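Visitor: So my numbering is basically just the index in the sequence shown, starting at one, shifted up by 602.
Built from N, CA and C at the ideal position, the CB exists for glycine as well.
Note that the coordinates shown come from a computational prediction; the quantities given were computed from them, not determined experimentally.
Structure incoming, see below.
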Amino acid sequence: MTVTASPLARPGFIYSILLAIGMAAVVGGALGFQYIGGYIPCALCLLQRQPYYYAIPIAVLAAICDLVGLPKWISRAMILAAGILMLVTAGMGVYHAGVEWHFWPGPATCSTTASSMTTNAGDLLGELNTIKGPSCTDAALRVLGLSFAGWNVIAGILLAAFAFVGVRKAA
């Protein structure tokens, strides 16, 4: 009779689940600021979320692979991929923060601001096609001197570091 180890005794499982939870918390916080706080994201803010949307399922899949007993290199490769995606979002955050601090110009899609919508219901459908998100050059909020983009850099680097430690521990 063979005794299988508990999932909690598998480092690959633990690191991938905690990584997925951490990434979900970051993107959930961004969505909370958007839908509860009323902060409309700009085009670059929305782009910075995409690596999270890819990395979360990859990390969950890594946990499942470890749970069902597939070779460790599979879950390690997935954790590594999620870590690389976190470096990508951190890099995007550096670019966005640079745009906000006017170190370099942002993309042309970020040059307009969301003004006000009409109160005339007849014009509403026509204006929906012309209203764009806020400018990427203006930080909607700064906490401790950092904008959302700056905090995304920190979150991305921390999550990437956690993933890379997980790759080593899952060996």
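May I have the straight-line CA-CA distance separating G685 from L620, to the nearest angstrom?
Guide: Distance between the alpha carbons of G685 and L620 is about 12 angstroms.
Visitor: Is the region 699-710 touching the region 666-683 in the sense that three or more CB pairs, one from each, lie closer than 8 angstroms?
Guide: Judged by Cβ distances under 8 angstroms, the region 666-683 makes no contact with the region 699-710, as fewer than three pairs qualify.
Visitor: How do the region 689-696 and the region 648-661 stand: do at least 3 beta-carbon pairs fall below 8 angstroms, yes or no?
Guide: Because the criterion of three Cβ pairs below 8 angstroms is met, the region 689-696 and the region 648-661 touch.
Visitor: Under the DSSP definition of a beta bridge, which residues are partnered with L748?
Guide: Answer is V745, bridged to L748.
Visitor: Starting from V670, trace the alpha helix (DSSP H) in both directions and tell me its first and last residue.
Guide: Careful: V670 lies outside any alpha helix (DSSP H) and carries neither H nor E.
Visitor: For F635, which residues from the same chain have a beta carbon less than 6 angstroms from its beta carbon, with the 5 sequence-adjacent residues on both sides left out?
Guide: Once the five neighbours on either side are set aside, the close Cβ partners of F635 are Y641.
Visitor: Let me make sure I understand the geometry here. Which of G747, A679, D740, L646 has the alpha-carbon closest to that of Y697?
Guide: Nearest C-alpha to Y697: L646.
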